[in-house]
Structure formats: structure tokens, C-alpha cells
Amino acid sequence: MSEIKITGPWALPKIESYLSSSVVPLKLSMISARGWPVLASLWFFYKEGKIICASRKKSRVIKLLSNNNRCAFEVSPDAPPYHGVRGQGLAELEADPNGIVLEHLHDRFLGRRETLFRNWLMQGASQEVIISITPSSLMSWDYRERMDLE
Numbered sequence: 009m010s011e012i013k014i015t016g017p018w019a020l021p022k023i024e025s026y027l028s029s030s031v032v033p034l035k036l037s038m039i040s041a042r043g044w045p046v047l048a049s050l051w052f053f054y055k056e057g058k059i060i061c062a063s064r065k066k067s068r069v070i071k072l073l074s075n076n077n078r079c080a081f082e083v084s085p086d087a088p089p090y091h092g093v094r095g096q097g098l099a100e101l102e103a104d105p106n107g108i109v110l111e112h113l114h115d116r117f118l119g120r121r122e123t124l125f126r127n128w129l130m131q132g133a134s135q136e137v138i139i140s141i142t143p144s145s146l147m148s149w150d151y152r153e154r155m156d157l158e
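If you read the sequence shown in the working numbering, its first letter stands for residue 9, the second for the next number, and so on.
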């Protein structure tokens, strides 16, 4: 892994632990052809220094990242007390013809249950593209102590 710029209260091991254990959608920012930021929420997991997501081959997410692989992201709960990780990185795209990443993402966020939604999702698995983000900067914040609501 190349040198990552780390800022905020957490060191890299705590950031990696947070990314590995957080089960909230990642907010991914991409750049449109006209230079405007575009935001999407995606399921993700963290593995070996990379943030892994997936999207359909014909999705706007894949189109934008194909044209410009620079992106930004945030992983944080929506409710207080606020804490999380955001950063910037470069996305690499790779076909996932067997839907292995999609299946892992589904199971991580919704469990391993056989449902109509899971079956529907996996029917289109051959059209999935793996998004692998290599962070160049990571910034953490943690206001839990300051915002102690009890």
C-alpha cells in the first residue's frame, strides 16, 4: 500500500477497524463530465487496504468512474453522535461475472437469508462491476464524547 495521508483523531489501525466493522452504506462522490460532483450510496466492505463496492455495468456510477477514476467517500452513521471516516482515492473497475462481490455485499448488509430481493438481485449478477477504491487520504472524526447525549 502506498503512503496514505491520515488526518483526524484516529490512527490507520482504528480507521481500518472502523471501515471493516461499519455496516452503513458508503457515500461515494464522483465527478461528472461537466465537472460537477455526483453522490451515490453504495454497500461496501474493506479488505486489504481497499474499499470494495459494486454497481451494474450500465449504471451512472460505472460510467462516471470509467471517465474519471478520482473519487471521494464517506462512511458514517446518519444519527448522532457523529463519527466516521472520509477520504479520497482512485477507483479501479473490474468485471464480476459470477456476482461474488455482489453476493458478499448483500450478505454483509442484509444477511444470508434467501429472499425474493436476493434472488432478484443475483439474477443480474453477471452485469455487476467491482469498484475497488485505493485511498490516497483518510480523515476521521469522532464527536461521540463531546456529544454525549445521555
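Even for Gly, the Cβ is constructed at its ideal location relative to N, Cα and C.
Rounded C-beta distance between residue i and residue j? I'm assuming under 8 Å.
i      : j      : result
Ala80  : Ser28  : So it is not a contact: roughly 20 Å between Cβ atoms.
Glu136 : Arg64  : 6 Å
Ser148 : Pro17  : 6 Å
Ala62  : Leu124 : Not really, about 20 Å apart at Cβ, beyond 8 Å.
Leu34  : Val83  : 5 Å
Under a Cβ-count criterion, where at least 16 other Cβ atoms within 10 Å of its own Cβ denotes burial, should residue i be classed as buried or exposed?
i      : result
Trp44  : exposed
Arg153 : Correcting the residue type first, residue 153 is Glu in the shown sequence and not Arg. It counts as exposed.
Gly119 : exposed
Leu47  : exposed
Arg94  : buried
Gly132 : exposed
Tyr54  : buried
Ala151 : This sequence places Tyr at residue 151; Ala is not what is there. The residue is exposed, with fewer than 16 neighbouring Cβ atoms inside 10 Å.
Just to confirm the assignment, what range does the beta strand (DSSP E) spanning residue i have?
i      : result
Glu82  : 78-83
Arg94  : 91-103
Ile59  : 58-64
Asp150 : 136-150
List the endpoints of the continuous alpha helix (DSSP H) containing residue i.
i      : result
Leu46  : First, the amino acid is wrong: residue 46 is Val here, not Leu. Run containing Val46: none in the alpha helix (DSSP H); it sits in the beta strand (DSSP E), 45-50.
Met130 : 124-131
Ser30  : No alpha helix (DSSP H) contains Ser30, which DSSP labels as neither H nor E.
Ile108 : 108-118
Got a sec? Which residues, its chain only, sit under 6 Å from residue i by beta carbon, not counting five neighbours each side?
i     : result
Thr15 : Met147
Touching by the beta-carbon criterion (3+ pairs, under 8 Å), the segment 89-101 and the segment 68-77
yes
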